[in-house]
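Enquirer:
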Amino acid sequence: MLRLTMHAFRNILKIAALWSVVALAHGQTADPAGNAATTTSPSATAQLPAPESHWRLGAAFGYGQRTNPLIQSEDIPVLVDLDIAWFGKRWFFDNGDVGLTLFDQAQSTTSLVARLNSDRVFFGKTNARFVNFKYAGNGEVQAFLDPATGAQLDQTVEVVPPDRDYAIELGVESLIDGDWGAATLRAFHDVSGTHGGYELSAYYSRRWLVGRLSLEPTVGLSYKSAQLNDYYWGVQADEANIALPEYHPGDGFSLEGGLVANYHITRSLRLAMSVNYERLADDVAASPLAEEDHVMAYFTGLAWTF
Amino acid sequence: MPGRSRWLTLCLLAVCLPAAGADLPAARLIVKPLLCVTEREADACSMTFDIRWKSQIAAEYCLNDSALNAPLRCWTKALSGAHSHKREVKEAFSYWLGTPGGAQRAAEVKIEVLRLDSADRRRERRMRHVWDVL
């Protein structure tokens, strides 16, 4: 356990060091322009925005759902979306994520972030079930066959979706923006000894404003290591039976796209709508534990920012 | 409670009854729209405001923009008035109804500005938690 943690910590340090070099190089090219703009413009100081509160508190009430790709599990209803965040000069807390900002440049902000893995949420509401078929992956099922004769077997087997733990992951996150839009780059490694793997991801988004309506589409790509995928979506030998065969996924990429629309009624109140689609990595979708090859999330409601 | 609900309703409808002075009859001022939404600090909204007012006592009223010294328009012995005002909005301001040259306000409506971009880009972080859908 200690060895695994140390190994993960060394990896994080390597990622952080590499990220720091990139962020510094990016900052050095961006700084001169930024400094020139602030020092030569006499109106810049007059237009400084009022300091923002450290806190960002909000709540949205409405109806939404996140589908659950796990077999014998329930989709996750979303009726309330709470937003609790605090941003200091260096440290921040953002809905469960804890971060330490390493570099804050004109065009980018790089932080060290600790978070909980998001795959675990699918394993929260599962049901044991007696089945007379085999989960074959990719959402397919097959009849039990006698290996000797090939004849269909008439038997039932209890399938209990396995338990999975939350993993604490530590990583580096860069937020980059400009007139072209905004990008998020992330690299996270398990530091809790839960899955021992890592995830790399990149997202791009751009916001359009039409009167009071803001539209923000997002596209993203995420790479998850074989260890991570195997822990959550693999079927280990001691979990396998005739209905749930042993399976070990490899690494893979998942793709996602989404759209968030907000119609601002007042400064604090808005009508919010979001939809997000994630295509799971092929090896994850092929797992006997996966009933669907995607996760679809949507929400519509009224959101209040305090 | 009914009084409070009524007040809330009136404010939602952008109708603000004034705390009128002793020599200034109360008036009702209605302005649409009430909100400017911008992307960045430097951006401004180009808006045309539809402004209407009503009073129960005919008097001389002037419509003012809190960012300007001179009134936008004055009415003599009028019970109501309407005005259309086109303007760039970069920061919050008020339209208010008063007497010519007077500082007392018979009615006032605030126009607010909402800036979507934050100076701290960490506030734009994209979350991946199951409960975070916005």
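If you read the sequences in order, they're chains A and B.
Last residue of the first sequence? That's 434 in the numbering used here, and every number before it is there in order.
Last residue of the second sequence? That's 135 in the numbering used here, and every number before it is there in order.
Where a beta carbon is used, it is the ideal one built from N, C-alpha and C, also for glycine.
1) Identify every run of the beta strand (DSSP E) within the stretch 210 to 245 of chain A, keeping only runs that are complete inside it and at least 3 residues long; order them along the chain.
2) Can you give me the C-alpha to C-alpha distance between CYS12 of chain B and ILE31 of chain B, rounded to a whole angstrom?
3) Residues in its own chain within less than 7 Å of ASP411 of chain A by CB, not counting five upstream and five downstream?
4) In angstroms, rounded to a whole number, what distance separates the CA positions of TYR332 of chain A and ARG116 of chain B?
5) Go through its chain and collect everything with a Cβ distance to LYS33 of chain B's Cβ below 6 Å, but skip five positions before and after it.
6) Between the alpha carbons of ILE212 of chain A and ASP222 of chain A, how many angstroms are there, rounded?
7) Looking only at C-alpha atoms, which of A:ASP247, A:GLY306, A:VAL226, A:TRP432 sits nearest to ARG233 of chain A?
8) Is the beta carbon of ASP366 of chain A less than 8 Å from the beta carbon of THR322 of chain A?
9) Would the stretch 329 to 346 of chain A and the stretch 369 to 376 of chain A be scored as touching if the rule is three or more Cβ pairs under 8 Å?
10) In chain order, which beta strand (DSSP E) runs of at least 3 residues are fully inside the stretch 99 to 135 of chain B?
11) What is the DSSP secondary structure of GLU367 of chain A, reduced to helix, strand or coil?
12) Please state whether DSSP places ARG398 of chain A in a helix, a strand or coil.
13) In whole angstroms, what is the alpha-carbon distance linking VAL57 of chain B and ARG29 of chain B?
14) Could you tell me if GLN156 of chain A is buried or exposed, where buried requires 16 or more neighbouring beta carbons within 10 angstroms of its beta carbon?
15) Could you say which of A:GLN200, A:PRO416, A:ILE199 lies nearest to ILE370 of chain A if we only look at CA atoms?
16) Between ARG124 of chain B and chain A, is there a C-beta pair that is closer than 8 Å?
17) Note down, in chain order, every chain A residue with its Cβ under 7 Å from the Cβ of SER119 of chain B.
18) Figure out for me which residue from A:THR433, A:TRP432, A:TYR426 has the closest Cα to the Cα of TYR191 of chain A.
19) According to the neighbour-count rule (16 or more other Cβ atoms, all chains shown, within 10 Å of its Cβ), is SER350 of chain A buried or exposed?
20) Under 8 Å between C-beta atoms, does VAL38 of chain B make it to chain A?
21) Does LEU30 of chain B come within less than 8 Å of chain A when only Cβ atoms are used?
22) Would you identify the three-state DSSP class for ALA425 of chain A, choosing helix, strand or coil?
23) Could you check which residue in A:MET424, A:THR284, A:ALA413, A:GLU384 has the C-alpha nearest to that of ALA264 of chain A?
24) Counting only runs that start and end within the stretch 268 to 338 of chain A, where is the beta strand (DSSP E) found for 3 or more residues in a row?
25) Using Cβ-Cβ distances below 7 Å, what residues of the stretch 296 to 314 of chain A are close to chain B?
26) Does any CB atom of chain B fall closer than 8 Å to the CB of ASP222 of chain A?
27) Since I believe GLN193 of chain A is in contact with ASP209 of chain A (beta carbons under 8 Å), could you give me their beta-carbon distance rounded to a whole number of angstroms?
28) With a cut-off of 8 Å, does the C-beta of PHE215 of chain A fall near any C-beta of chain B?
29) Answer yes or no: does any C-beta atom of chain A fall closer than 8 Å to that of LEU88 of chain B?
30) Return the residues of the stretch 313 to 343 of chain A that lie within a Cβ-Cβ distance of less than 8 Å from chain B, sorted by chain order.
31) Could you give the distance in angstroms between the alpha-carbon of MET424 of chain A and the alpha-carbon of SER402 of chain A?
32) Does the CB of ARG184 of chain A have a neighbour CB from chain B at under 8 Å?
33) Measure from the C-beta of MET424 of chain A to each C-beta in chain B and report whether the shortest distance is under 8 Å.
34) Leaving out five residues before and five after ALA242 of chain A in sequence, what residues of the same chain have Cβ atoms less than 6 Å from its Cβ?
35) Could you pull out every residue in the same chain whose Cβ sits closer than 7 Å to the Cβ of ILE296 of chain A, ignoring the five residues on either side in sequence?
36) Answer with yes or no whether the minimum CB distance from SER382 of chain A to chain B is below 8 Å.
Expert: With the structure as the only source:
1) For the stretch 210 to 245 of chain A, whole beta strand (DSSP E) runs of length 3 or above, ordered along the chain, are 219 to 222, 225 to 232, 236 to 244.
2) Reliability of the predicted coordinates at CYS12 of chain B is poor, the pLDDT of 42 falling under 50, and no value is obtained from them.
3) Answer for ASP411 of chain A: ASN357, PRO377, GLY378, GLY380, listed in chain order.
4) In a straight line, the C-alpha of TYR332 of chain A is about 21 Å away from that of ARG116 of chain B.
5) Leaving aside the five residues that flank LYS33 of chain B on each side, the residues in its chain whose CB is nearer than 6 Å to its CB run, in chain order, ASP51.
6) So the two alpha carbons sit approximately 6 Å from each other.
7) It is Gln, not Arg, that sits at residue 233 of chain A in the sequence shown. Nearest of A:ASP247, A:GLY306, A:VAL226, A:TRP432 to GLN233 of chain A, Cα basis: A:GLY306.
8) If you check the CB distance, ASP366 of chain A and THR322 of chain A do not come in under 8 Å.
9) Touching, no.
10) For the stretch 99 to 135 of chain B, the continuous beta strand (DSSP E) assignments of 3+ residues that do not extend past its boundaries occur at 106 to 116, in sequence order.
11) Helix.
12) Strand at ARG398 of chain A.
13) Per the sequence shown, residue 57 of chain B should be read as Gln rather than Val. Those two C-alpha atoms are separated by around 9 Å.
14) Note that GLN156 of chain A scores 39 on pLDDT, short of 50, meaning its location in the model is unreliable; the coordinates nonetheless yield the value given after this. Counting Cβ neighbours within 10 Å, GLN156 of chain A comes out exposed, since fewer than 16 surround it.
15) Of A:GLN200, A:PRO416, A:ILE199, the residue nearest in Cα terms is A:PRO416.
16) The beta carbon of ARG124 of chain B sits closer than 8 Å to some beta carbon of chain A.
17) Residues of chain A whose Cβ lies closer than 7 Å to the Cβ of SER119 of chain B are, in chain order, GLU180.
18) TYR191 of chain A has its Cα closest to that of A:TYR426, out of A:THR433, A:TRP432, A:TYR426.
19) Buried is the call here.
20) For VAL38 of chain B, the answer is yes, since a Cβ of chain A falls inside 8 Å of its Cβ.
21) At a cut-off of 8 Å between beta-carbon atoms, LEU30 of chain B makes no contact with chain A.
22) In the structure shown, ALA425 of chain A sits in a strand (DSSP, three-state: E or B).
23) Ranking A:MET424, A:THR284, A:ALA413, A:GLU384 by Cα distance to ALA264 of chain A puts A:ALA413 first.
24) The stretch 268 to 338 of chain A is shown to contain whole beta strand (DSSP E) runs of 3 or more residues at 268 to 271, 285 to 287, 296 to 306, 309 to 318, 326 to 333, 336 to 338, in chain order.
25) Considering only beta carbons, the part of the stretch 296 to 314 of chain A lying closer than 7 Å to chain B consists of LEU303, ASP305, ALA310, THR312, in chain order.
26) So yes, ASP222 of chain A belongs to the interface.
27) The beta carbons of ASP209 of chain A and GLN193 of chain A sit about 12 Å from each other, so the pair does not count as a contact at 8 Å.
28) Contact with chain B is found for PHE215 of chain A, since one of that chain's Cβ atoms lies less than 8 Å from the residue's Cβ.
29) Looking at the sequence itself, residue 88 of chain B is Arg, so the reference to Leu does not match. At a cut-off of 8 Å, the C-beta of ARG88 of chain B has no neighbouring C-beta in chain A.
30) Going along the stretch 313 to 343 of chain A in chain order, one finds TYR331, SER333, ARG335, LEU337, GLY339, ARG340, SER342 with a Cβ nearer than 8 Å to chain B.
31) Their Cα atoms are separated by approximately 11 Å.
32) Yes, because at least one Cβ of chain B sits closer than 8 Å to the Cβ of ARG184 of chain A.
33) Judged by the 8 Å Cβ criterion, MET424 of chain A is not in contact with chain B.
34) Contacts found: VAL226, LEU298.
35) Within the same chain, Cβ atoms closer than 7 Å to the Cβ of ILE296 of chain A are found at ALA242, LEU244, VAL319, SER320, the five residues on either side in sequence being excluded.
36) By this cut-off, SER382 of chain A is not an interface position.
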